[in-house]
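Here my numbering is used: position 282 in the sequence shown is 403, and no number is missing along the way.
One structure below.
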Amino acid sequence: MPKHRGRVAIALASAALISLGSTAVATPLAAAEESVSPLPLEFSDMGPAPAGANDWSCVPSEAHPRPVVLVHGTGVDMATTWQTMAPALAGEGYCVYALDYGAVQTLLDPNQVIWGLGDIPASAARLATFIDAVLARTGAPKVDIVGHSQGGTVARQYLKFNGGVDDVNSSNSKVENLVTLGGTNHGTNFGGIEQMYLILAAAGLDQTIISEVLFGLTGLGTAGRQQLIGSPTLQRLNAGGEVEPGVRYTVVGTKFDKVVTPPERTFLDPRGSAEVRNMWVQDGCESNTVPHQGLTFDDRVTYIVQSALDPTFSTKNAAPCS
122 MPKHRGRVAI ALASAALISL GSTAVATPLA AAEESVSPLP LEFSDMGPAP
172 AGANDWSCVP SEAHPRPVVL VHGTGVDMAT TWQTMAPALA GEGYCVYALD
222 YGAVQTLLDP NQVIWGLGDI PASAARLATF IDAVLARTGA PKVDIVGHSQ
272 GGTVARQYLK FNGGVDDVNS SNSKVENLVT LGGTNHGTNF GGIEQMYLIL
322 AAAGLDQTII SEVLFGLTGL GTAGRQQLIG SPTLQRLNAG GEVEPGVRYT
372 VVGTKFDKVV TPPERTFLDP RGSAEVRNMW VQDGCESNTV PHQGLTFDDR
422 VTYIVQSALD PTFSTKNAAP CS
């Protein structure tokens, strides 16, 4: 392709994306230091955990025998995403764990990274290692997972391809519940980025350059491309069934989602040997207008998560509506 077309692609994409902005959060690379954490050295790059999470001395209780693993989304970290929900779950007596994954170094400062931008299959492999460490330290046979946005997709990738589920004997699986909050389960057009890509490609511009510019400038990275509607990553993930045997799924969407667009693409096909509950935050509370980014901070969503992990919770507590 002539060089001028590459420059045109960059110029057009850059101009078109100025108004989109980016929600990516850059964080310093953590310095390796001694810790009681049982995690392998590869996790020494993680940032600080949110309050209530990653207490490696925590012993699961009879009331809450499964540790809860929290998986953040694209362009953010665990401390930002779970600052509300992690202490809420810990306050209910859960052993709570969270990780950072998908690091990409920033161009301006190699000591700064943005999480949740890397390859989704690689992130799922990192999640597998993390969960194995949680199970080994706590002695629990299974965990529950709560994933926000891409975190739900990474969790599903882990279940299907990285040992989270035993297809022969589901009792040997490592996960009991998966709760996704605005999960990119069927992809998204990211509020128009997909259409922009198609327009530039139809104009004859190099698709690789378009992809790199669009997803680089918006802070969505490789993971952003993999979350587009119809991406090879999602086609492979959803092929042959969207749910795994023996896992209980609670799939939460908000009608005011401007990231997973259209919002109903978050819901999973319940066909298969799994229990699936698809629900809107607004079910029973039409006045709730929580957006995609607010799902992990919303009182009603926290209530939904707690009720999914422990069905008795909803019998003892009224659902908030705000």
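For glycine and all other residues, C-beta sits at the position ideal for the given N, C-alpha and C.
Note the first and the last residue of the continuous alpha helix (DSSP H) segment covering S423. Residue 423 sits at position 302 when you count from the first residue of the sequence shown. According to the sequence displayed, residue 423 carries Thr and not Ser. Where T423 is concerned, the enclosing alpha helix (DSSP H) stretches over 420-430.
Helix, strand or coil for A245? Go by DSSP, reduced to three states. Translated into positions along the sequence shown, residue 245 becomes position 124. It is helical.
Expressed to the nearest angstrom, what Euclidean distance is found between the alpha-carbon atoms of A69 and P208? Since the displayed the chain opens at 122 and closes at 443, residue 69 lies outside it and no answer follows.
Of the residues V422, S244, L430, T436, the one placed nearest V264, counting alpha carbons only: Walking along the sequence shown from the start, residue 264 turns up at place 143. Nearest of V422, S244, L430, T436 to V264, Cα basis: L430.
Considering A219, what are the terminal residues of the beta strand (DSSP E) in which it resides? Position 98 of the sequence shown, counted from the first residue, corresponds to residue 219. It spans 217-220 - the beta strand (DSSP E) in which A219 sits, taken as one unbroken run.
Compute the beta-carbon to beta-carbon distance between N306 and R277, rounded to the nearest angstrom, for a pair I have assumed lies under 8 Å. For the purposes of this step, residue 306 is taken as the residue at position 185 of the sequence shown. For the purposes of this step, residue 277 is taken as the residue at position 156 of the sequence shown. Rounded, the Cβ-Cβ distance is 7 Å, consistent with contact.
Out of I425, G303, R392, state which residue places its alpha-carbon closest to the alpha-carbon of P383. In the sequence shown, residue 383 corresponds to position 262, counting from 1. Per the Cα distances, G303.
Buried versus exposed call for G342 [16 or more other C-beta atoms within 10 Å across all chains shown]: The residue given as residue 342 occupies position 221 in the sequence shown. Answer is buried; the Cβ neighbour count reaches 16.
Do T195 and L237 count as a contact pair if the criterion is CB distance below 8 Å? Numbered from its first residue, the sequence shown carries residue 237 at position 116. Numbered from its first residue, the sequence shown carries residue 195 at position 74. Before going further, note that residue 237 is Gly rather than Leu in the sequence given. Contact flag set, yes.
The alpha helix (DSSP H) with V371 in it runs from where to where? Within the sequence shown, residue 371 is the residue found at index 250, counting from 1. A small fix is needed here, since residue 371 is Thr in this sequence, not Val. Segment 369-374 is the beta strand (DSSP E) holding T371; no alpha helix (DSSP H) there.
Which of helix, strand or coil DSSP assigns to L302: In the sequence shown, counting from the first residue as 1, residue 302 sits at position 181. Strand.
Please name the residue in S158, T250, S178 whose C-alpha comes closest to that of P169. The count along the sequence shown starts at 1 and reaches residue 169 at position 48. Out of S158, T250, S178, S158 has the C-alpha closest to the C-alpha of P169.
In the DSSP assignment, what are the bridge partners of M400? Taking the first residue of the sequence shown as 1, we reach residue 400 at position 279. For M400, which the question treats as bridged, DSSP gives the partners V373.
Can you check whether the CB of P188 is closer than 8 Å to the CB of L218? By 1-based counting over the sequence shown, the position of residue 218 is 97. By 1-based counting over the sequence shown, the position of residue 188 is 67. Note that residue 218 is Tyr in the sequence shown, not Leu. Yes, they are a contact pair.
Do R398 and V372 have their C-beta atoms within less than 8 Å of each other? Working through the sequence shown from its first residue, we reach residue 398 at position 277. Working through the sequence shown from its first residue, we reach residue 372 at position 251. Cβ distance < 8 Å, so R398 and V372 count as in contact.
To the nearest whole angstrom, what separates the beta carbons of G284 and V296, a pair I think is in contact under 8 Å? Counting from one through the sequence shown, the residue named residue 284 turns up at place 163. Counting from one through the sequence shown, the residue named residue 296 turns up at place 175. 10 Å between Cβ atoms; not a contact.
How would you write the range of the beta strand (DSSP E) that L446 sits in, first residue to last? Nothing in the structure corresponds to residue 446, since the chain is present only between 122 and 443.
In terms of DSSP beta bridges, what is G268 paired with? In the sequence shown, the residue the question calls residue 268 occupies position 147. DSSP output for G268 lists V192, T301 as bridge partner(s).
Alpha carbon of N298 to alpha carbon of Y222, nearest angstrom: Stepping through the sequence shown from its first residue, residue 298 is reached at position 177. Stepping through the sequence shown from its first residue, residue 222 is reached at position 101. Computed Cα separation, rounded: 21 Å.
Per DSSP, the bridge partner or partners of I350: Reading the sequence shown from its first residue, position 229 is the one you call residue 350. The partner list for I350 (beta bridge, DSSP) is empty, contrary to what the question assumes.
Considering only their Cβ atoms, is the gap separating W177 from T417 smaller than 8 Å? For the purposes of this step, residue 417 is identified with residue 296 of the sequence shown, where counting begins at 1. For the purposes of this step, residue 177 is identified with residue 56 of the sequence shown, where counting begins at 1. In terms of Cβ geometry, T417 and W177 do not form a close pair [threshold 8 Å].
By DSSP, does V296 sit in helix, in strand, or in coil? Numbered from 1 along the sequence shown, position 175 holds the residue referred to as residue 296. Three-state DSSP puts V296 in a strand.
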